[in-house]
Amino acid sequence: MSSQKPAINPALTDWTGPLGLPDFTAFTDDDFAPAFDAALAADLADVDAIINHHEAPTIDNTLKALELSGEGLNRVSSIFWMRAGANTNDTIQALERVIAPKMSRHYSSIMMNPQLFARIDSLYEQRDFLGLDAETDRVLEKTWKGFVRSGARLDEQGKARLADINEKLAGFGAQFGQNVLKDEADWALFITDEAQMKGLPDFVRAAMRGAAEERDRPDAWAVTLSRSIIEPFLSFSEDRGLREKAFRAWAARGENGGASDNRAIVAEMVALRAEKAKLLGYHSFAAYKLDDTMAKTPKAVMDLLEPVWDKARNRAAEEEIDLERLIAAEGRNHKVAPWDWRFYAEKLRNERFAFDEAELKPYLQLEKIIEACFDVATRLFGIRFEEKTGIATWHPDVRVWEVQNPDGSSRGVFLGDYFNRQSKRSGAWMSALQSQHKLDGGQTPIIYNVMNFAKPPKGEPALLSLDGARTLFHEFGHALHGLLSDVTWPAVSGTSVSRDFVELPSQLYEHWLTVPAVLEKYAVHYRTGEAMPKALLDKVLAANTFNAGFNTVEFTSSALVDMAFHADGTPPTDPIQFEADTLKSLSMPDAIIMRHRTPHFTHVFSGDGYSAGYYSYMWSEVLDADAFKAFEETGDVFNTDLAKKLKQYIYSAGGSRDPEELYKAFRGKMPTPDAMIEKRGLA
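When we follow my numbering, the leftmost residue of the sequence shown carries the number 4, and every step to the right adds one.
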């Protein structure tokens with residue numbers, strides 16, 4: 004039996020594809036494992052070279068060298084984690100369960116290395132005498148704090164335990180996400196009786212037919228747990244029994260027993276996070292996570308969420324009365340159940356504003372909304388997008404654009420992966436194959452967006468809901484944060500900012516979707532090419548805050564439960580009972596559930612990204628409402644001078660300065676929540 008190691012495929016680390024992309028045709032899934040092994044070893048060799056440098060620590064031989072270390076690992080990782088989220092399979096998932104804890108152990112060994120920390124600590128102690136520019140000073144501070152928060156000051160026993168906790172959390176996070184994906188991919192409700200399709204518009208029927216065909220059931224329509232199908236099904240299906248069946252499956256993701264059940268994983272993760280926080284000297288995991296954000300403390304988060312919760316609950320109670328009136332008018336006597344809300348809210352919108360989602364959707368073509376995203380970016384920032392065809396990527400549906408500066412030079416690459424498939428996790432996100440920086444010649448960004456829109460039949464356009472169009476603008480706002488990044492150091496590039504600031508560029512960008520001039524140009528009927536009638540446009544804008552109580556209760560309950568899990572130093576042993584008790588203490592309306600229930604709350608439990616941080620969407624919303632108001636106050640939402648400041652201080656600055664300092668440089672002051680509450684229709 005041969006003991007020869009697998010050959011390393013250089014295509015994963017030396018990218019030779021068009022536009023600086025990886026050549027996706029030159030490697031297979033089996034190439035990842037040996038590539039990771041080689042890249043991890045090379046990264047450790049880079050770190051050893053820093054530690055063993057014969058000269059005293061300097062910015063160049065220590066901080067800069069550390070920033071540039073592990074380039075091969077960064078490249079292999081960026082391709083692999085993109086695949087794990089956007090186009091996974093059994094091979095990728097098996098490796099993910101191995102790689103996630105291995106990577107955690109690897110980074111723990113680096114961040115807890117006493118010799119490496121000693122060099123960083125030496126620079127940090129001398130920082131006032133090194134003549135550093137503001138960005139370098141911030142990177143040094145951020146790096147030093149990163150070591151401390153990773154356990155560099157713990158004793159050996161503490162370091163070993165923290166490394167073990169991090170490794171376990173990484174493994175649990177990977178498994179949590181895979182379990183949710185499995186429950187979503189495995190469940191489908193097949194309908195063959197035309198009578199059970201009553202009320203469903205053509206665009207929902209087409210999406211359901213496509214989902215059934217993907218599952219080898221061309222004779223049926225399929226309700227799946229993809230948000231692009233389940234939400235319109237719940238909004239339009241007149242079969243209450245089917246709505247209940249689909250809703251219960253949607254709500255129970257990660258809570259179905261068997262191998263994909265996430266309840267035990269949540270209990271383990273919450274307990275490990277609490278232990279990690281105590282090891283590092285914090286009362287709770289929330290205190291640990293928030294220490295490095297704009298909010299700083301759990302109290303500051305609750306001071307934002309609690310008043311909004313009260314307003315949202317009161318508004319939702321008023322909305323529920325309206326829905327009960329519609330139910331009674333039909334001669335029914337049941338209360339509003341969670342599987343009823345969207346259905347009767349759609350009827351109420353039609354009654355109140357004389358339009359529904361079915362009337363609006365023909366005017367929201369995916370292709371046109373992409374064009375609108377690009378056009379707004381051109382008008383605000385001068386950049387342009389040129390689509391490139393025939394370039395292999397991770398899936399045939401993925402599209403590629405070269406992004407150009409106003410002078411025609413190349414700024415970077417943007418990729419869009421828009422359609423739902425069984426190999427893709429749910430939701431929508433932005434990430435980078437490569438982030439911008441200027442060290443040692445630097446590199447330009449390669450940014451991608453992933454969506455989960457229903458794929459239309461061949462030859463038909465993809466039609467979006469208004470919420471789907473907002474999602475597209477939102478994620479493209481994140482993409483612009485990466486594409487417009489103009490910093491020297493990788494550590495502060497693009498979206499490398501505090502969690503409660505990172506949503507500002509994305510949520511702010513959403514505002515331009517509903518600017519009348521944008522909708523008039525790009526909201527055109529997919530059959531006739533005619534612009535959305537002004538009467539319909541006016542109704543859409545007038546209905547902007549419709550269902551505000553429901554939407555805010557859905558979100559805020561999720562944020563409050565997230566905080567409850569992590570703000571107490573004593574974690575619960577039964578997460579589902581804890582969720583129920585927390586919601587009961589909040590007087591959660593019976594007719595609404597959390598937007599993300601605990602067993603499928605991937606923001607919080609599939610990795611560490613938004614744990615004790617789901618509130619950050621609302622924190623950033625306070626900023627984005629105020630920031631767009633700045634444009635409105637000028638009378639021109641494309642105001643040139645303000646757009647220059649927006650680019651300089653928000654979209655291009657990354658994490659190069661304190662976020663509060665950046666916002667004040669743009670706006671002149673920090674905002675109050677008033678504009679956000681008004682924007683949500685809760686004033």
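In this text, a Cβ means the ideal position worked out from N, Cα and C, and glycines have one as well.
Item: Grouping DSSP H, G and I as helix and E and B as strand, with all else coil, what is Trp404?; Value: strand
Item: Please find out if some non-hydrogen atom of the ligand FAD comes closer than 7 Å to the beta-carbon of Asp140.; Value: For the ligand FAD, the structure offers nothing, since it holds no ligand at all.
Item: Less than 8 Å between the C-beta atoms of Leu766 and Tyr666, yes or no?; Value: With the chain covering only 4 through 686, there is no way to say anything about residue 766.
Item: Could you give the distance in angstroms between the alpha-carbon of Leu329 and the alpha-carbon of Leu351?; Value: 8 Å
Item: Tell me the DSSP secondary structure of Leu626 in three-state form.; Value: helix
Item: Bridge partners for Leu436 per DSSP, in chain order?; Value: BP columns for Leu436 are empty, so no partner.
Item: Can you list the beta strand (DSSP E) stretches of 3 or more residues lying completely in the stretch 137-210, in chain order?; Value: 192-194
Item: Name the one or two DSSP bridge partners that Trp253 has.; Value: DSSP, once it has assigned bridges, lists no residue as partnering Trp253.
Item: Is the stretch 397-408 close to the stretch 550-557, with three or more CB pairs under 8 Å?; Value: no
Item: Going by C-alpha to C-alpha distance, which of Ile595, Pro117, Gly532 sits closest to Pro341?; Value: Ile595
Item: Taking only runs of the alpha helix (DSSP H) that begin and end inside the stretch 61-121, which ones reach a length of at least 4 residues, in chain order?; Value: 68-71, 74-89, 93-114
Item: Please classify Glu463 as buried or exposed, where buried requires at least 16 neighbouring CB atoms within 10 angstroms.; Value: exposed
Item: Drop a sphere of 10 angstroms on the beta-carbon of Val490, count the other beta-carbons inside from all chains shown, and report buried for 16 or more, exposed for fewer.; Value: buried
Item: Pick from Ser412, Gly419, Leu135, Gly411: whose alpha carbon is nearest that of Trp404?; Value: Gly419
Item: Quick one: residues in its chain with C-beta nearer than 7 Å to the C-beta of Arg164, no 5 flanking neighbours on either side, listed in chain order?; Value: Leu282
Item: Report the CB separation of Ser107 from Asn455 in whole angstroms; it is logged as a contact under 8 Å.; Value: Rounded, the Cβ-Cβ distance is 28 Å, inconsistent with contact.
Item: So, do the stretch 471-491 and the stretch 432-447 have three or more beta carbon pairs nearer to each other than 8 Å?; Value: yes
Item: Helix, strand or coil: how does DSSP classify Pro390 here?; Value: Note that residue 390 is Glu in the sequence shown, not Pro. Correct three-state label for Glu390: strand.
Item: What are the start and end residues of each continuous alpha helix (DSSP H) run of 4 or more residues lying completely inside the stretch 423-490, in chain order?; Value: 469-486
Item: From Gly20 to Asp242, what does the alpha carbon distance come to, in whole angstroms?; Value: 51 Å
Item: From the DSSP output, which residues share a beta bridge with Phe417?; Value: Trp404, Ile450
Item: Helix, strand or coil, according to DSSP, for Trp342 in the structure here?; Value: helix
Item: Please name the residue in Thr517, Leu563, Val527, Ala567 whose C-alpha comes closest to that of Val543.; Value: Thr517
Item: Pick from Pro221, Pro204, Val183, Ala173: whose alpha carbon is nearest that of Phe193?; Value: Pro221
Item: So, is Asp629 buried or exposed, given that buried needs 16 or more other C-beta atoms within 10 angstroms?; Value: buried
Item: Does DSSP put Ala678 in a helix, a strand or coil?; Value: helix
Item: Output yes or no for whether 8 Å exceeds the beta carbon distance between Asp503 and Ala255.; Value: no
Item: I'd like to check one pair, Phe120 with Ala68: are the Cβ atoms closer than 8 Å?; Value: no
Item: According to DSSP, simplified to helix, strand and coil, what is Ala526?; Value: coil
Item: Report the rounded CA-to-CA distance for Pro676 versus Pro310, giving the unit in angstroms.; Value: 10 Å
Item: On a CA-only basis, which of Gly444, Phe132, Ile449, Glu506 is nearest Thr474? Give me that one, please.; Value: Glu506
Item: So, using beta-carbon positions, are Asn12 and Asp34 closer together than 8 Å?; Value: yes
Item: Can you list, in chain order, the residues of its chain with a C-beta nearer than 8 Å to that of Ala472? Leave out the 5 residues immediately preceding and following it.; Value: Leu367, Ile372, Leu516
Item: Given that a residue counts as buried once 16 or more other Cβ atoms are within 10 Å of its Cβ, and exposed if not, what is Met673?; Value: exposed
Item: Could you give the first and the last residue of the continuous alpha helix (DSSP H) run that contains Trp312?; Value: 301-332
Item: Between which residues of its own chain and Gln178 is the CB-CB distance below 7 Å, once the five residues before and five after are set aside?; Value: Arg100, Ile268
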